[in-house]
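A.B. asks:
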Amino acid sequence: MVELTVDGNKVEVPEGSMVMHAAQKVGQYVPHFCYHKKLSIAANCRMCLVEVEKAPKALPACATPVTNGMVVFTNSEKAKAAQKSVMEFLLINHPLDCPICDQGGECQLQDLAVGYGGSASRYHEEKRVVFHKDLGPLVSAEEMTRCIHCTRCVRFGQEIAGVMELGMLNRGEHSEITTFVGRSIESELSGNMIDLCPVGALTSKPFRYSARTWELARRRSVSPHDSVGANLVVQVKGEHVMRVVPFENEAVNECWISDRDRFSYEGLNSEDRLGVPMIRNADGTWREASWADALQAVGQGLARVRDSFGAGQIGALATEYATTEEYALLGRLVRALGSENIDFRLRQTDPAFDAALTGAPWLGMPIADLDALDRVLVVGSFLRKDHPLFAQRLRQAAKRGTQVLLVDSAADDPLLPVAGRLTVAPSELPRALAEVAVALAQLKGQAAPAEFASVTPGENAKLIAASLTSGANAGVFLGNLAVASAQASVLAANAQAIATLAGARFGFLTSGGNTVGGYLAGAVPGKGGKTAAAMLADPLKAYVVLHAEPLLDADNGAQAVAALRDAQFTVALTSYRSAAADWADVMLPVAPFTETSGTFVNAQGLAQSFKGTVAPHGESRPGWKVLRVLGNVLQLPGFDDETSESVRDAVLSGGIEGRLSNRIEAAVGVGQALSGLERVADVPIYRTDAIVRRSEPLQAAPASRAPAARMNGRTLAGLGLTAGVKVKVATATGSVELETVQDDAVADRAVRVAAGFEKTAALGGAFGQISVERA
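The sequence shown begins at 1 in the UniProt record's numbering and counts up one residue at a time.
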């Protein structure tokens with residue numbers, strides 16, 4: 001430790017710290033623009049100049065290392081004079097447009113200009129003008145003349161997002177921040193540049209000129225879009241969500257959120273919002289109804305099916321972003337009716353997976369501990385798009401020496417160093433893991449499982465195994481693709497075997513915002529109950545569907561919609577009319593996460609409760625209240641809760657930790673490889689749920705571009721095709737016409753066709769054989 005004096009206060013800081021860190025420790029604010037605790041030190045704004053005893057001139061606090069006995073003055077006349085001089089330089093070219101600037105009222109430059117700026121400028125020449133830039137549909141750079149060249153945005157791209165999409169051109173007063181040759185920003189974390197910009201140079205394009213910051217009320221919430229459970233500040237004007245920014249929580253999302261978390265609020269204000277209960281007439285038309293009539297119709301419909309066909313013909317489907325309270329009451333409803341058919345895992349296809357589980361699958365460690373691992377094996381994940389903030393943590397870990405290893409079916413660039421990789425067709429993933437396990441066993445001098453007797457590890461498998469054995473703190477994680485696979489139980493068993501051999505932790509990168517909460521609340525089939533896949537493959541007579549848009553949320557959307565249409569009675573608890581208008585008999589408008597209280601349990605098993613941030617749209621009601629009243633209408637026991645908190649407490653009583661388990665009780669194996677071409681289906685980051693799919697800015701982003709048939713060069717050549725031609729892509733379910741794209745990241749014998757689009761829903765399931773021929 002180093003001891004120094006800051007403004008008369010003795011303070012000790014670690015060796016290598018800067019004066020800025022010492023000043024912060026004693027609670028002394030030093031004005032700054034370019035410094036940020038999560039970014040490297042650039043020292044190019046010079047606003048943090050301070051006086052250091054015996055130094056001939058003021059020094060930048062952010063870039064001056066501390067020494068023993070150093071004496072620092074942050075408020076001396078010399079320091080203040082230096083800071084005021086810097087402020088005068090910064091304001092020479094800054095436009096006087098605060099009244100119309102979106103940053104007005106929350107601008108660092110405004111705040112510091114009050115304390116350190118002059119009342120008039122001594123500079124009378126013309127101000128410089130910087131031409132605006134088009135950075136895409138999310139980040140606006142229309143007023144780059146405001147830029148003070150702090151380079152926070154540039155450093156964020158390089159160091160946090162992992163890709164240098166912005167840089168600085170020219171020198172002196174001609175310097176300007178720009179993209180490479182007119183390209184837009186495509187990072188899934190790009191919106192954080194808006195938060196980092198200390199002036200109004202980079203602003204939110206969807207929010208632009210829609211409200212002033214002092215008009216907004218600020219309320220905390222939790223993101224439903226992935227298993228990080230990022231903490232949010234939802235900013236509200238009247239009854240509309242106007243903006244979403246991160247709430248800092250070092251243990252969960254640090255100070256970042258993904259663009260999906262930031263801009264999905266646009267979907268909350270969609271014209272497609274369902275505002276009143278709707279009942280389908282006998283002729284197929286829709287009519288508005290009162291809540292009393294709609295609930296009565298639902299009660300009668302469910303009772304009729306139960307009495308005519310038995311309770312086993314009633315099923316409940318939900319999505320992975322329903323609240324824990326909604327899951328609990330949905331399960332309570334169907335079980336009180338006498339059915340065990342309930343499931344929220346609409347993309348899961350392995351019927352043996354439930355039997356393999358011994359508890360609620362979870363990450364297996366706190367999210368913050370990902371930083372401390374020195375070896376990480378991720379199996380079956382489109383890491384950057386499925387879990388952007390997990391990828392960011394691993395990116396920082398990789399800088400400190402962590403070796404990241406990947407087994408996947410599409411070698412997408414995770415924007416971090418990859419120490420070893422195996423890319424194979426989806427049906428070959430079990431064998432790929434078996435190769436790693438055998439290589440590990442050989443290195444450890446142990447016997448490999450007998451089921452792997454026919455397996456000979458390849459060079460890539462040996463490389464992964466060698467890396468895992470060389471680490472002291474390793475983790476093995478299953479991603480969304482692996483869990484959705486028809487061989488999920490075998491993949492989990494093989495991954496567990498690898499973790500055991502390597503002495504590593506084993507966990508799941510759970511897919512939804514409340515996947516763990518769904519397991520804890522019992523929203524999975526009980527004894528004799530059917531999974532979502534079974535309910536839709538062998539159709540039931542009645543369905544209760546919560547928040548789901550089955551065509552795009554289910555593994556086989558076309559099959560799901562057909563089953564729902566053929567049912568005797570279906571009720572949709574939905575926020576969006578178009579999500580259910582094709583198949584439901586009754587639509588009940590329920591509130592999304594910003595309009596209800598509830599709880600999400602993230603991947604590490606942390607329960608995070610939140611309140612509604614705005615009043616429900618139209619006549620929408622919180623889903624937990626609708627389910628509770630529906631239980632009363634059906635005269636079922638156990639529906640007396642007056643608050644969502646009482647429902648939550650009933651679910652989480654006794655604690656969470658003892659109910660989490662990643663122990664897999666399934667046999668290892670090499671799986672069943674398919675012959676011919678196979679489909680690799682990713683769910684693009686902005687097509688994952690109903691809210692995100694209705695956010696126009698996110699749908700205009702490059703990540704939401706129309707699906708194509710993506711194959712590597714060898715697969716294309718083997719089919720006699722080239723990139724850019726129209727082809728007919730067909731499965732046993734249906735066919736679509738797509739354009740070919742050469743993507744050498746895709747495994748051999750695989751065709752990557754995105755799910756989550758109406759256009760590709762006809763292809764059915766995300767896995768299985770596929771054919772491609774010229775259209």
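Note that the Cβ used here is the ideal one computed from N, Cα and C, for glycine as well.
According to DSSP, what are the bridge partners of phenylalanine 600?
C.D. replies: Gln608
A.B. asks: Please look up how many angstroms separate the CB atoms of aspartate 134 and serine 190, rounded, as I've assumed it's under 8 Å.
C.D. replies: With a Cβ gap of about 13 Å, aspartate 134 and serine 190 do not count as contacting.
A.B. asks: According to DSSP, simplified to helix, strand and coil, what is valine 114?
C.D. replies: helix
A.B. asks: Would DSSP call threonine 740 helix, strand or coil?
C.D. replies: Threonine 740: strand per DSSP, three-state reduction.
A.B. asks: What is the DSSP secondary structure of arginine 146, counted as helix, strand or coil?
C.D. replies: helix
A.B. asks: Which residues in the same chain as glycine 555 place their Cβ atom closer than 6 Å to its Cβ, once the five residues preceding and following it in sequence are excluded?
C.D. replies: The question names glycine, but residue 555 is aspartate in the sequence shown. Setting aside the 5 residues that flank it on each side, aspartate 555 is surrounded in the same chain by Arg347, Thr349, Gly765 and Ala766, each with a C-beta closer than 6 Å to its C-beta; the list follows chain order.
A.B. asks: So, at 7 Å on beta carbons, what are the nonlocal neighbours of glycine 420 in its own chain, with the 5 sequence-adjacent residues on each side left out?
C.D. replies: Leu405, Asn460, Leu463, Ile464 and Ser467
A.B. asks: Between Lys127, Glu126, Arg208 and Leu166, which has its C-alpha nearest proline 137's C-alpha?
C.D. replies: Arg208
A.B. asks: Which whole-angstrom value is the C-beta distance of glycine 623 and phenylalanine 610, which I expect to be below 8 Å?
C.D. replies: Between phenylalanine 610 and glycine 623 the Cβ distance is about 14 Å, and since that is not below 8 Å, they are no contact.
A.B. asks: Which word fits tryptophan 256, buried or exposed, when buried means at least 16 other C-beta atoms lie within 10 angstroms of its C-beta?
C.D. replies: It counts as buried.
A.B. asks: Applying the criterion that 16 or more other CB atoms from any shown protein chain within 10 Å of the CB defines a buried residue, is alanine 230 buried or exposed?
C.D. replies: Classification of alanine 230: buried, given that the 10 Å Cβ count is 16 or more.
A.B. asks: If we ignore side chains and look at the alpha-carbon of each, how far apart do valine 305 and asparagine 480 end up?
C.D. replies: Approximately 35 Å, taken between the alpha carbons.
A.B. asks: Let me know if serine 204 comes out buried or exposed under the rule of 16 or more other beta-carbons within 10 Å of its beta-carbon.
C.D. replies: It counts as buried.
A.B. asks: For aspartate 413, count neighbouring C-beta atoms within 10 Å of its own C-beta (all shown protein chains included) and say buried if the count is 16 or more, exposed if not.
C.D. replies: exposed
A.B. asks: Closer than 7 Å by C-beta to histidine 21: which residues in its own chain qualify, once you throw out the five before and the five after it? Chain order, please.
C.D. replies: Val13
A.B. asks: Please classify aspartate 307: does DSSP put it in a helix, a strand, or coil?
C.D. replies: helix
A.B. asks: Starting from the C-beta of aspartate 744, find all residues in its chain whose C-beta is less than 7 Å away, skip the five residues before and the five after it, and write them out in chain order.
C.D. replies: Cβ within range, chain order: Asn712 and Gly713.
A.B. asks: In chain order, which continuous runs of the alpha helix (DSSP H) of length 4 or greater are located wholly inside the stretch 260-322?
C.D. replies: 291-309
A.B. asks: In angstroms, rounded to a whole number, what distance separates the CA positions of alanine 504 and glycine 475?
C.D. replies: 5 Å
A.B. asks: Can you give me the Cβ contacts of glycine 529 inside the same chain, cut-off strictly under 6 Å, excluding the 5 residues immediately before and after it?
C.D. replies: Glu340 and Asn341
A.B. asks: Whole angstroms is fine: what's the gap from serine 221's alpha carbon to arginine 565's?
C.D. replies: 36 Å
A.B. asks: Check the C-beta distance from alanine 311 over to phenylalanine 344 and give it rounded, since I have them as a contact under 8 Å.
C.D. replies: Actually they are not in contact, since the Cβ atoms of alanine 311 and phenylalanine 344 sit about 20 Å apart, beyond 8 Å.
A.B. asks: Considering only the beta carbon of each residue, do arginine 679 and alanine 410 sit closer than 7 Å?
C.D. replies: no
A.B. asks: So, helix, strand or coil for proline 622, using DSSP?
C.D. replies: coil
A.B. asks: Between Gln769, Val376 and Val590, which lies nearest to glutamine 672 when the distance is taken from Cα to Cα?
C.D. replies: Gln769
A.B. asks: Examine the ligand FAD and report whether any of its heavy atoms sits within less than 6 Å of the Cβ of serine 121.
C.D. replies: For the structure depicted, the ligand FAD is absent and the ligand set is empty, with no information on it obtainable.
A.B. asks: Report buried or exposed for isoleucine 691, applying the criterion of at least 16 other Cβ atoms within 10 angstroms of its Cβ.
C.D. replies: buried
A.B. asks: Which parts of the stretch 351-437 are runs of the alpha helix (DSSP H), unbroken and 4 residues or longer, counting only runs that do not cross its ends?
C.D. replies: Listed in chain order, the complete alpha helix (DSSP H) runs (minimum 4 residues) inside the stretch 351-437 are 353-356, 383-386 and 388-399.
A.B. asks: Going by CA-CA distance only, name the one from Leu59, Gln300 and Ala448 that's closest to leucine 630.
C.D. replies: Of the candidates Leu59, Gln300 and Ala448, the one whose C-alpha sits nearest the C-alpha of leucine 630 is Gln300.
A.B. asks: Would you kindly work out how many angstroms separate the C-alpha atoms of threonine 67 and glycine 115, rounded to a whole number?
C.D. replies: When rounded, the distance between both Cα atoms is 29 Å.
A.B. asks: For alanine 581 and valine 741, what's the separation of their Cα atoms in angstroms?
C.D. replies: For alanine 581 and valine 741, the distance between alpha carbons rounds to 34 Å.
A.B. asks: Suppose contacts are defined by Cβ-Cβ distances below 7 Å. Is valine 438 in contact with alanine 432 by that definition?
C.D. replies: no
A.B. asks: My assumption, with CB atoms under 8 Å, is that glycine 359 sits in contact with leucine 478. Please give the rounded CB distance.
C.D. replies: With a Cβ gap of about 15 Å, glycine 359 and leucine 478 do not count as contacting.
A.B. asks: Distance check for lysine 385 and alanine 495, CA to CA, integer angstroms please.
C.D. replies: 22 Å
A.B. asks: Taking the continuous beta strand (DSSP E) assigned at leucine 564, which residues delimit it?
C.D. replies: Not the beta strand (DSSP E): leucine 564 falls in the alpha helix (DSSP H), residues 557-566.
A.B. asks: Take arginine 122 as the anchor and find which of Glu106, Ser85 and Phe156 has the nearest alpha-carbon.
C.D. replies: Ser85
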